[in-house]
Amino acid sequence: MSSWKKASKSNQKVHRERHQPESRQHLGLLEKKKDYKKRALDAQRKEKTLKALHKRALNKNPDEFYHHMVNSKLSDDVHREKEAKDEHTPEQLALMETQDLKYVLMKLTVERRKLERLRASIVDVDATVGQNKRYTFDEAGVRQRVATKTLGERVEAAETTEGSKQSVQAVNSQLQQRLSELKKREERERELSIVKRKLEMKNALKQPRLLKPKKIKMGTKDSAPVYRFRYERKK
């Protein structure tokens with residue numbers, strides 16, 4: 014039965030669509046139903062958009078104001094946010110313009126090592142009181158822990174003589190110098206870390222990508238800009 018149907022269909026007349034008459038050839042190809050449907054749907058969509066815009070214009074408050082009006086610009090008939098420039102300190106800007114990422118990483122590593130050595134040299138003597146493990150034994154053989162004097166007690170005992178006062182003042186001045194140096198080096202290390210993150214982000218933005226990353230947070234003097242990178246499948 015199926016073979017009979019196939020054979021009968023092979024003998025059917027081929028129905029062709031009517032072409033444009035010769036007298037109307039100057040009007041182009043004859044419009045078919047599928048072409049008319051596309052044109053009609055497009056016209057209806059445009060008419061709805063115009064009605065919505067007309068209604069929005071009638072209901073608009075002339076006194077309303079949004080910051081988006083001044084923070085956006087028209088590009089290809091689409092409103093886009095104006096990109097604010099990142100903030101940099103003069104030191105960060107000088108480093109980013111004259112040096113590359115490898116140099117900043119090297120200076121950051123050197124600065125962190127100096128910080129570790131400086132912190133190790135500044136020891137709080139009172140913090141080591143609880144770590145004393147020396148014991149004494151009385152006549153009965155009972156073990157007793159040796160009480161270690163605090164730094165304040167030793168300073169008071171040392172101030173009894175004039176020479177001791179001078180030595181204490183020298184130690185105090187040396188300690189203040191080290192603390193001041195420690196503060197400056199910590200600030201330097203923080204600045205280098207910020208510059209490193211900004212340079213890494215700048216290099217990441219230079220990489221060719223199909224999708225442009227979206228800016229989540231602008232860069233400040235204390236932090237690098239934050240971008241959201243869309244996942245791209247690697248070939």
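Every number in my numbering is 13 more than the matching position in the sequence shown, counting from 1.
Yeah, the Cβ is synthetic: ideal placement off N, Cα and C, and Gly gets one too.
DSSP beta-bridge partners of residue i
i, result
"Tyr88", "Reading off the sequence, residue 88 comes out as Ser, not Tyr. Paired residue(s): Val91."
"Val239", "Lys230"
"Gln157", "Thr149"
Reference residue i; option with closest CA among the options
i, options, result
"Pro238", "Leu212, Gly41, Lys197 and Glu35", "Leu212"
"Tyr244", "Arg210, Lys228, Lys120 and Leu224", "Leu224"
"Glu94", "Ser21, Lys209, Lys18 and Met82", "Met82"
"Gln190", "Lys228, Ala65, Tyr79 and Ser134", "Ser134"
"Arg29", "Leu40, Lys45 and Gln38", "Lys45"
"Glu43", "Gln33, His101, Ala20 and Lys50", "Note on residue identity: the sequence assigns Leu, not Glu, to residue 43. Looking at the Cα atoms, Gln33 is the closest of the given residues."
"Glu129", "Asn84, His92 and Lys196", "Lys196"
"Arg201", "Glu77, Thr102, Tyr79 and Asn216", "Thr102"
"Met231", "Leu188, Lys51, Met214 and Tyr49", "Met214"
Opening and closing residue of the alpha helix (DSSP H) in which residue i lies
i, result
"Ser134", "Leu114 to Ser134"
"His101", "From DSSP, His101 is part of no alpha helix (DSSP H); its letter is neither H nor E."
"Glu60", "Lys46 to Leu71"
Beta-carbon separation (whole angstroms), residue i vs residue j, contact threshold 8 Å
i, j, result
"Val117", "Lys209", "5 Å"
"Leu71", "Leu205", "The pair is not a contact, with the Cβ atoms about 59 Å apart (cut-off 8 Å)."
"Leu131", "Arg198", "7 Å"
"Lys234", "Glu96", "The pair is not a contact, with the Cβ atoms about 18 Å apart (cut-off 8 Å)."
"Met226", "Arg241", "Contrary to the premise, residue 226 reads as Pro rather than Met in this sequence. 6 Å between Cβ atoms; contact."
"Ser186", "Ile207", "That belief does not hold up - the Cβ atoms of Ser186 and Ile207 are roughly 32 Å apart, past 8 Å."
"Asn216", "Leu108", "Actually they are not in contact, since the Cβ atoms of Asn216 and Leu108 sit about 14 Å apart, beyond 8 Å."
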